[in-house]
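The opening residue of the sequence shown carries number 33 in this note's numbering; numbering runs sequentially from there. Every residue gets a Cβ at the ideal spot worked out from N, C-alpha and C, and that includes glycine. Model, not experiment: these values are computed from the prediction.
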Amino acid sequence: MTRPLKSAAIILAHARDSGAAGPARMIRGGAATTLAALLLAVLAACSPGDPPGTELDGQYEDLVELFREWREFEAPAFVNGVPDYSEGSMALQHAMLPAMRARLDALNHENWPVSRQIDWHLVRAEMNGLDFDHRVRRPWARDPAFYVMIHAAQSDVPAHEGAVVHGWIDLWTYEYPLSPEDAQELAGRIGAIPGVLEQARTNLTGEAHDLWVAGLRSYRAQSRDLATLAERVAGTSEALDAAITAAGAATDEFHDWLEGEAGLRRAPSGIGRDNYTWYMRNV
33 MTRPLKSAAI
43 ILAHARDSGA
53 AGPARMIRGG
63 AATTLAALLL
73 AVLAACSPGD
83 PPGTELDGQY
93 EDLVELFREW
103 REFEAPAFVN
113 GVPDYSEGSM
123 ALQHAMLPAM
133 RARLDALNHE
143 NWPVSRQIDW
153 HLVRAEMNGL
163 DFDHRVRRPW
173 ARDPAFYVMI
183 HAAQSDVPAH
193 EGAVVHGWID
203 LWTYEYPLSP
213 EDAQELAGRI
223 GAIPGVLEQA
233 RTNLTGEAHD
243 LWVAGLRSYR
253 AQSRDLATLA
263 ERVAGTSEAL
273 DAAITAAGAA
283 TDEFHDWLEG
293 EAGLRRAPSG
303 IGRDNYTWYM
313 RNV
């Protein structure tokens, strides 16, 4: 799902506890710290310093803790490595969202220093974004490309453009030749792709024609990227070789299914001017 850029303070707090590796491997090694330092410098240049002797509202620590809990809440449950975007799971998440928002609204942030008020608004924007995904975009139900997991090259935005499935795999973050540990990790993560695409066939109930047609290109690209990876890491790990082969076959089968369904999905894909305006103002 789409996330606005986190503030420097929250990046540091989150990076210390969660690390760079994991199911949503966004930033590897020291990149999180580097980005955080850069953002701290930007905030220092743009925001006035705290007046001498000012004591910060203790509730700011509550915001940091809420942010950690929020990121866990925002991610779907994983079952055998497959994120659960089923209708029931998403309905439950949306129903629980107001409680998270109420906790954020309860924080008395008006008297915090500007930089910390910005943190509060960034968390608010993320919550608004998830609410928008549930009410309007519903990428897990409308956009087949949402389930693309393989990304061979770095995006020109902080994470990825548009909505993206949890558990995505940034191949460019790994060092090649792969270490045994990385080969094992990749085998497990790539091994989830057939299950992700199988679930997607049930979840994708939307009729947005343009999104279905555009998804064909995305899965052709994933198939090529998997084939390229297979050549690059051949012989590194039998488990990885097998996972890539299975993921490639599942991707090609999903592409063919998508191609057959695209002609049947005839609804407009746009979200409308009012929804777009709300998103620009609140997310």
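Measure the C-alpha to C-alpha separation of L248 and G161 and round it to an integer number of angstroms.
Roughly 26 Å between the two C-alpha positions.
Work out the CA separation of R133 and R297 for me, nearest whole Å.
Each residue's Cα considered, the two are about 35 Å apart.
Do L139 and Q91 have their CB atoms nearer than 8 Å?
For L139 and Q91, yes; Cβs fall inside 8 Å.
Verify whether the separation of the beta carbon atoms of D175 and A195 is less than 8 Å.
Contact: yes.
Let's test the definition: count the other Cβ atoms within 10 Å of the Cβ of A76 and tell me whether it reaches 16, buried, or not, exposed.
Confidence is the limiting factor: at A76 the pLDDT is only 42, short of 50, which leaves the residue's position unreliable and the question unanswerable from this model.
Closest to E239 by C-alpha separation, out of A294, Q216, T205, N112, would be which residue?
Looking at the Cα atoms, A294 is the closest of the given residues.
Unbroken alpha helix (DSSP H) run spanning W200, endpoints:
W200 -> no alpha helix (DSSP H), and no H or E assigned at all.
Which residue comes first and which comes last in the alpha helix (DSSP H) that contains W152?
Unbroken alpha helix (DSSP H) run through W152: 146 to 164.
Exposed or buried, F286, counting other C-beta atoms within 10 Å across all chains shown (16 or more means buried)?
That one is buried.
DSSP has H183 in a bridge; who is on the other side?
Bridge pairing for H183: D202 [DSSP].
Roughly how far, in whole angstroms, is the beta-carbon of I225 from the beta-carbon of L203, given that I think they are within contact range, below 8 Å?
About 13 Å separates the two Cβ atoms, so there is no contact after all.
Using a Cβ-Cβ cut-off of 7 Å (strictly less than) and excluding sequence neighbours within five positions of S301, which residues of its own chain qualify?
The answer, listed in chain order, is A240, H241, D242, L243.
If you drop the 5 nearest sequence neighbours on each side, which residues of the same chain put their C-beta closer than 7 Å to that of L290?
Closer than 7 Å at Cβ, skipping near neighbours: P176, W244, G247, L248, Y251.
Nearest candidate by alpha-carbon position, reference P274, set A262, Q149, D284:
According to the sequence as given, residue 274 is Ala; it is not Pro. Put simply, of A262, Q149, D284 the residue whose alpha carbon is nearest the alpha carbon of A274 is A262.
Beta-carbon contacts of D163 that lie in its chain and below 7 Å, excluding the five residues immediately before and after
The answer, listed in chain order, is L129.
Give the C-beta separation of N235 and S118 to the nearest angstrom, bearing in mind that I take them to be a contact with Cβ-Cβ under 8 Å.
Going by Cβ atoms, the distance from N235 to S118 rounds to 6 Å, so yes, they are a contact pair.
Residue(s) in a DSSP beta bridge with F115
As written in the sequence, residue 115 is Pro, which differs from the Phe given in the question. Answer by DSSP bridge pairing, in chain order: F110.
Contacts around M159, its chain only, beta-carbon distance under 8 Å, and the 5 residues preceding and following it disregarded
Excluding positions up to five away in sequence, the list reads W102, L129, M132, R133, L136.
Just tell me which of D288, S269, G113, A127 has its CA closest to the CA of S211.
Comparing Cα-Cα distances from S211 to each of D288, S269, G113, A127, the minimum goes to S269.
Whole runs of the alpha helix (DSSP H) within the segment 222 to 282, excluding any shorter than 4 residues
DSSP runs (the alpha helix (DSSP H)) wholly in the segment 222 to 282: 225 to 235, 241 to 265.
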